[in-house]
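Working notes, structure below.
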Amino acid sequence: MLPTSISTRVIAAFGTVVAVVLLLLAAGWIVAGDVRHANQSVRRLSERLRVEDAQDRAQQQLRLAIGEVTRAAEVPRAITPVQWRRVERALATFRATQGSLGPAGSARDRATADFAHLAALLIGDARAEPRQIARHMPEFLAALRVLERERAAARMVLVNRIDAAVARSSRELYASISRIVFGVLAVLLLLLASVLWLRRRVLRPIVAIADQLRQFNTGAETEVKVAGRDRADEIGDLARGLNEYRDAVEQRRRAEKRIEFLAHHDMLTGLPNRLLFEERLAHDLARATRTGERVAVFAIDLDDFKSVNDRFGHAGGDRALNRAAQLLTACVRADDMVARLGGDEFAIIQVAADQPRAAEALLMRIFRACDATAGDEVPVQMSVGVALSGAEQAREELYNLADMAMYRAKSEGRHTARFFDDALKEETRLRWRLSRDLEGAVERGELSLVYQPMAEAQTLRVIGYEALLRWHHPELGDVPPDQFIPLAESSGRIDSLGLWVAEQAMIAARGWPDHALLALNLSPVQFRKLGLADDLLALAERHGIAPDRLEFEVTESATLLGHRREAVLEVLRALQERGARIVMDDFGTGYSSLGNLRDFRFDKLKVDRSFVSAMLTHPPSASIVRSIAALGESLGVPVAAEGVETEEQLALLRRWAFPQVQGYLLGRPEKIESVLRSAAYAGMIA
């Protein structure tokens, strides 16, 4: 035999209650009819009573308005238009509300008409004949008393009739309700029995299920099994459904936790990402202002990470990043944060009261751990910059200071650390000032060109000049080019500045002999501008400089590398096709020198001055210089040596068959006026 479901039992109980209720409704219908009839009678009488009240209010408003204007007219006092409108509106309202509630032509209608007539008469007196007010006022008051007496009598009749109707309805209702009470008691007993059954068989199991689910809603990780899943009725269905819902919500909760983790952590290393790093840094800086502690930020960059990717592929790079993350995590304290900001950039937040000692101790642990990987297939080496927070330190500023210190560490040899100290702060301040002052330096006449001669190595005959930019700051004096040229590149001013240098040099070269060469340096940043070759050739045409007199020097270590390599080569080919010479400057310092020679045929190679200055005392440098000379000869490309300062250097370069030289031995860079007066220039003309 199948168990009876809860719904079947509820329907049976409900049917019984409905049957009894229908019987009660039948009895109640009769009672309702009687009550409805009595209520309708009372409603009609009440409506008439409300009409009476409305008429009374209209009468009182008219009486007050008439009294106001008559008193003003008798004084006499001017009656305002507002008062006239008020009394006229009151008279119109009175007439509109004075419908007959009794037989036509009754005493009350006559009293109402007399009152309205006398009211209009008084208003006319107040407007035209104020002296007639005293004569008509007694008649008006007498009509008012008659009207009020008639209204009072009418209201008394209505009240008596309402009281009688209510009393009759109450007696009938009491008798009917007495007959219904016994039926209601029967229904209540049936409902009580149903409630007791529902409480025991339905509510108690549902409460038990809710108690168990509440443990789940609190986020507890403990396993919760919903009770009642073995029942065959609706409670069992509910329990089984809620149990499935619980499992689904638990899966979603785990997924949300995973999403939250991924939003604030790096997927590869599991470290906090930039977003969580910035939130933590802002929090620690705010807390440090209250506690008096100092926040140290470490900006960390892996050295030679690109070469790791090139040698071992991306999988090897990922292993190196994970190894670095593990190394850094093992070096910090539990309350420090290690984050991966992207690529091979890591960062550490360290809060301590004994700074910078705590930061120095952490640096020692980091470099000790890095040194321990020296024998690994991929040793971990890092450049680290550290910045310590000051009063009201901004989050972005603190990290930027650490980042600048890190780049300084890289420039000083890598695998080292540098604190952002006063010297670096002063250098940063100076860079900022120079970057600001560089704007408009051309217009202020602070920038100028100097020219250094280039000569044949065997005869020292000058064949041309290299144009070099100089900046004389009105307060700081001469600013070295290696200081302000990078500022011009980073600020985007190098495009206009480079064209200005080219134009000034071409203007100066117009008076040189036709065979004299003009060498111009091109910044790597200039190649980002479309139409660079067209701009340079247009300048040469404007100033009458043949393209075959121009040499454009480019550095191999930056200009020909990266994703813009082909675009750079297109610019160089365009210049070369028009007759200009392309010179590779600082040859030997980049790691792709031979690759560049393979992809582009240069018209000249210039050996970096660092090799020339060291070749007399440093045999490897001498071997490099000699090898470059042999390489140029085999390729049919002339080679020039920069930085020649002594006769001994010149003699050695002549022995190795260097065709061209340049350096202080031949002449220092000079302004065009000094160049034109120099003996070297005179020899070039002769």
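Per the numbering used here, the sequence shown starts with residue 292, numbered consecutively. C-beta: ideal position from N, C-alpha, C; glycine also.
- Query: Smallest Cα separation from SER782: which of LEU725, MET745, THR750, ARG833?
  - Reply: LEU725
- Message: Please give me, in chain order, every unbroken run of the alpha helix (DSSP H) with length at least 4 that falls completely inside the stretch 792 to 875.
- Response: 823 to 833, 856 to 868
- In the DSSP assignment, find the unbroken beta strand (DSSP E) run with ALA590 in it and report its ends. 585 to 593
- Inter-stretch contact at 8 angstroms, needing at least 3 Cβ pairs: the stretch 376 to 389 / the stretch 431 to 451: no
- MET745 beta carbon less than 8 angstroms from that of GLN951: yes
- Message: I believe GLN642 touches PHE589 by the beta-carbon criterion, under 8 angstroms. Please report the beta-carbon distance rounded to the nearest angstrom.
- Response: Correcting the residue type first, residue 642 is Val in the shown sequence and not Gln. With 8 angstroms as the limit, VAL642 and PHE589 do not qualify as a contact, their Cβ atoms being about 12 angstroms apart.
- Query: How about LYS895 and VAL916: are their beta carbons less than 8 angstroms apart?
  - Reply: no
- Message: Can you tell me whether TYR972 is helix, strand or coil according to DSSP?
- Response: helix
- Query: Quick check: the stretch 690 to 697 against the stretch 727 to 747, are there 3 or more CB pairs under 8 angstroms?
  - Reply: no
- Message: Taking the straight line between their C-alpha atoms, what separation do you get for ARG348 and THR361?
- Response: 20 angstroms
- Task: Determine, using beta-carbon pairs with one atom in the stretch 447 to 460 and one in the stretch 299 to 319, whether at least three such pairs fall under 8 angstroms.
- Result: no
- Please name the residue or residues paired with MET673 in a DSSP beta bridge. LEU593
- Message: By the DSSP assignment, the beta strand (DSSP E) with GLU636 in it spans what residues?
- Response: 636 to 643
- Query: So the alpha helix (DSSP H) MET558 belongs to, where does it begin and stop?
  - Reply: It is not in any alpha helix (DSSP H) - MET558 carries neither H nor E in the DSSP assignment.
- Query: Between VAL493, GLN867, ASP826, which lies nearest to SER787 when the distance is taken from Cα to Cα?
  - Reply: ASP826
- Query: Out of ALA942, VAL342, ARG418, which has the shortest C-alpha to C-alpha gap to THR371?
  - Reply: ARG418
- Same chain only: Cβ atoms within 6 angstroms of GLU961, ignoring 5 sequence neighbours per side: VAL741
- Message: So, for ALA434: in the same chain, excluding its five sequence neighbours on each side, which residues have a beta-carbon less than 7 angstroms away from its beta-carbon?
- Response: ALA402, ASP405, PHE406, LEU409
- In terms of residue numbering, what span does the alpha helix (DSSP H) encompassing MET695 cover? 686 to 702
- Message: Could you tell me the alpha carbon to alpha carbon distance between VAL478 and ILE468, rounded to whole angstroms?
- Response: 15 angstroms
- Item | With 16 other Cβ atoms within 10 Å as the buried cut-off, status of ASP899 | buried
- Message: On the DSSP bridge list, what partners appear for ARG631?
- Response: PHE637
- Task: With VAL753 as the anchor, note down where its beta strand (DSSP E) starts and where it stops.
- Result: 753 to 764
- Please classify GLY958: does DSSP put it in a helix, a strand, or coil? coil
- Roughly how many angstroms separate the alpha carbons of GLU430 and ARG368, rounded to a whole number? 24 angstroms
- ARG543 to LEU529 span [Cα, whole Å]: 21 angstroms
- Message: Given a cut-off of 8 angstroms on the beta-carbon distance, is the pair LEU830 and MET797 in contact?
- Response: yes
- Can GLU844 and ASN887 be called in contact, C-beta distance under 8 angstroms? no
- Close-in-space but distant-in-sequence residues of the same chain around LEU632 (CB under 6 angstroms, 5 per side omitted): ARG565, ALA638
- Item | When ALA621, ASP575, ARG656 are compared against GLY644, the one with the closest alpha-carbon | The question names Gly, but residue 644 is Ala in the sequence shown. For ALA644, the nearest C-alpha among the options comes from ASP575.
- Query: Under three-state DSSP, which class holds ALA708?
  - Reply: strand
- Report the option in ALA398, HIS764, HIS427 whose CA atom is closest to the CA atom of ALA411. HIS427
- Is the Cβ-Cβ distance between VAL816 and GLU842 less than 8 angstroms? no
- Query: Between GLY755, MET673, ASP538, which lies nearest to ARG872 when the distance is taken from Cα to Cα?
  - Reply: GLY755
- Query: Which class does VAL366 belong to by DSSP, given the choice of helix, strand or coil?
  - Reply: coil
- Message: Let me confirm a value: SER814 is counted as buried when at least 16 other C-beta atoms fall within 10 Å, else exposed. Which label applies?
- Response: buried
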